[in-house]
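Shown next, in structure tokens, is the structure this report addresses.
Protein chains: 2
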Amino acid sequence: MEEKTKDSIIQATYELLKHKDMNSISIREIAAKANVNVATISYYFGGKAQLFSYLMESYWADLIELCNELIARQEITKEDSYEFCMRFMKKQMNSKGMVRSEQIMYQSSEIDSRLGERLKIQFKAFHKIVTTFYQKSKDESVIRAKVIALFSALCFFSYWNETVIPLVGDVDSFMEIYVRQLIDEL
Amino acid sequence: MEEKTKDSIIQATYELLKHKDMNSISIREIAAKANVNVATISYYFGGKAQLFSYLMESYWADLIELCNELIARQEITKEDSYEFCMRFMKKQMNSKGMVRSEQIMYQSSEIDSRLGERLKIQFKAFHKIVTTFYQKSKDESVIRAKVIALFSALCFFSYWNETVIPLVGDVDSFMEIYVRQLIDEL
Chain A
-9 MEEKTKDSII QATYELLKHK DMNSISIREI AAKANVNVAT ISYYFGGKAQ LFSYLMESYW
51 ADLIELCNEL IARQEITKED SYEFCMRFMK KQMNSKGMVR SEQIMYQSSE IDSRLGERLK
111 IQFKAFHKIV TTFYQKSKDE SVIRAKVIAL FSALCFFSYW NETVIPLVGD VDSFMEIYVR
171 QLIDEL
Chain B
-9 MEEKTKDSII QATYELLKHK DMNSISIREI AAKANVNVAT ISYYFGGKAQ LFSYLMESYW
51 ADLIELCNEL IARQEITKED SYEFCMRFMK KQMNSKGMVR SEQIMYQSSE IDSRLGERLK
111 IQFKAFHKIV TTFYQKSKDE SVIRAKVIAL FSALCFFSYW NETVIPLVGD VDSFMEIYVR
171 QLIDEL
């Protein structure tokens, strides 16, 4: 029962985040959507800030786990890289509200060392892919440019999903073409 | 005098947008930063919503002008494409607050036909670059994947600027490597 209530609060917040940023969502709205009292949210999470911070932490934890899995492998094939990028992109597509709220967080607060650490892990995973398959240059600046371009192409796709998708047709099959091409043409 | 006051209000808003999203900035804060009365802002712009909408419109107008210039050319060289991408990216780097506020707008409101039109113009400019230099495939899905990847790599860079920049060293020289590589390896 306890888990079920917690989960309904989390789901309600995710739903609201699809259309509003973190700052504009009130705890009353979350309570109404989850069909619980405001007091219940406070009981489980402490308050709005803690609830968002819980959501952000689990979103990050999933991404980091994914990256660490890739980093831990001795060797990676193109297929591994493709799978990794697809999962990375899908995670972001399904967490649109989180991605945006994260951007707002970056805007209003300094990048702290924990955030820096998490970004480095993601960077490291993409760095591994690029150094494995991109053979045109060993120059670290060029490699980093490649890493950031790949990373950006995957992260920004969730924004296009809302705006440019009418231009690309079926999203799922387009995503496959998109990621295959990014990896194959490295 | 009139233009000077208007300009100081605009500059103050840009400053505030570096650290806060549109929804979290009050008209009082803008007035204080610009050293004018709240009434002066209302006099020149009507109100906060109109002021933001004015800023957003001029941000968009600059980008669209840039794109239309490229679209209008009969032929484009690699150097033209490189120049275009650099200007596009710099515009976004210098308008960080606008880019974020735009994202929040997308989240809370539907993509209307005017926004759709503006996105199409940007898309068209990148489409022209890709079809001119990318010769590996004529398949339109593949071309579109290329266009979106390029577009994303340029747009997302302004986010990295805040977070990953310690990883790349001097931003200006890195930007050059970054954009050259995107164009040269198309």
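For the protein sequence lines, the chains are A and B, in the order given. Position 164 of the first sequence, counting from 1, maps to 154 under this note's numbering, and the rest follow consecutively. Position 137 of the second sequence, counting from 1, maps to 127 under this note's numbering, and the rest follow consecutively. Even for Gly, the Cβ is constructed at its ideal location relative to N, Cα and C.
{"Check": "Three or more C-beta pairs below 8 Å linking the stretch 126 to 146 of chain A and the stretch 136 to 151 of chain B", "Outcome": "yes"}
{"Check": "Chain A contacts from the stretch 12 to 25 of chain B (Cβ-Cβ distance under 7 Å)", "Outcome": "Asn13 and Ser14"}
{"Check": "CA nearest to the CA of A/Ile167, picked from B/Ser91, B/Val132, B/Leu41 and B/Leu105", "Outcome": "B/Val132"}
{"Check": "Closer than 8 Å to chain B by CB, A/Cys145", "Outcome": "yes"}
{"Check": "Three or more C-beta pairs below 8 Å linking the stretch 30 to 40 of chain B and the stretch 52 to 59 of chain B", "Outcome": "no"}
{"Check": "B/Gly37 (DSSP reduced to helix, strand or coil)", "Outcome": "coil"}
{"Check": "Beta carbon proximity, B/Phe78 to chain A, threshold 8 Å", "Outcome": "no"}
{"Check": "Exposure label - B/Lys206; buried when at least 16 CB within 10 Å", "Outcome": "Missing from the structure shown is residue 206 of chain B; chain B here goes from -9 to 176 and no further."}
{"Check": "Whether B/Ala24 touches B/Ser48 by CB criterion (8 Å)", "Outcome": "no"}
{"Check": "Which listed residue (B/Gln40, B/Ser14 and B/Asp129) has its alpha carbon closest to that of A/Gln171", "Outcome": "B/Asp129"}
{"Check": "Partner residues on chain B for A/Phe164, Cβ-Cβ distance less than 8 Å", "Outcome": "Ser131, Arg134 and Ala135"}
{"Check": "Chain B contacts made by the stretch 50 to 73 of chain A, where a contact means CB separation under 8 Å", "Outcome": "none"}
{"Check": "Any chain A beta carbon closer than 8 Å to B/Leu172", "Outcome": "yes"}
{"Check": "Of the listed residues B/Ala115, B/Tyr4 and B/Gly87, nearest to B/Arg63 (C-alpha basis)", "Outcome": "B/Ala115"}
{"Check": "Supposed close pair B/Met46, B/Met88 - CB separation, criterion 8 Å", "Outcome": "7 Å"}
{"Check": "Neighbourhood of B/Ser163 by C-beta distance below 7 Å, restricted to the same chain and skipping five residues each side", "Outcome": "none"}
{"Check": "Nearest neighbour of B/Ile173, chosen from B/Phe42, B/Glu(-8), B/Phe74 and B/Glu65 [CA to CA]", "Outcome": "B/Phe74"}
{"Check": "Contained alpha helix (DSSP H) runs [length at least 4] in the stretch 48 to 107 of chain A, N- to C-terminal order", "Outcome": "68 to 83 and 86 to 98"}
{"Check": "For B/Lys118 and B/Glu59, the rounded distance between their alpha carbons", "Outcome": "12 Å"}
{"Check": "Distance, A/Ser71 Cα to A/Gln242 Cα", "Outcome": "For residue 242 of chain A there is no data in the structure shown, the boundaries of chain A being -9 and 176."}
{"Check": "Sequence-distant residues of the same chain with beta carbon closer than 7 Å to A/Ile20, five excluded per side", "Outcome": "Ile(-1), Ala2, Thr3, Leu6 and Ile31"}
{"Check": "Contact with chain C by A/Ser142, beta-carbon distance below 8 Å", "Outcome": "This model lacks chain C altogether; the protein chains it does include are A and B."}
{"Check": "Interface flag, A/Tyr168 vs chain B, CB-CB below 8 Å", "Outcome": "yes"}
{"Check": "Min CB distance B/Ala39 to chain A below 8 Å", "Outcome": "no"}
{"Check": "Cutoff 8 Å; reference A/Lys8; Cβ partners in own chain excluding five residues on either side", "Outcome": "Lys86 and Gly87"}
{"Check": "Buried versus exposed call for B/Asp11 [16 or more other C-beta atoms within 10 Å across all chains shown]", "Outcome": "buried"}
{"Check": "Chain A contact for B/Ile138 (CB, 8 Å cutoff)", "Outcome": "yes"}
{"Check": "Beta-carbon proximity list for A/Val26, same chain, < 8 Å, skipping 5 on both sides", "Outcome": "Thr(-5), Ser(-2) and Ile(-1)"}
{"Check": "A/Ile138 to A/Leu105 span [Cα, whole Å]", "Outcome": "17 Å"}
{"Check": "Environment of B/Arg18 [buried if 16+ CB atoms lie within 10 Å]", "Outcome": "exposed"}
{"Check": "Cβ neighbour criterion (16 or more within 10 Å) applied to B/Ser16", "Outcome": "exposed"}
{"Check": "C-beta contact flag for A/Leu41 and A/Val120 at 8 Å", "Outcome": "no"}
{"Check": "Same chain, Cβ closer than 8 Å to B/Ile111, five either side skipped, listed in chain order", "Outcome": "Ile54, Cys57, Asn58 and Ile61"}
{"Check": "For A/Ile167, the three-state DSSP class (helix, strand or coil)", "Outcome": "helix"}
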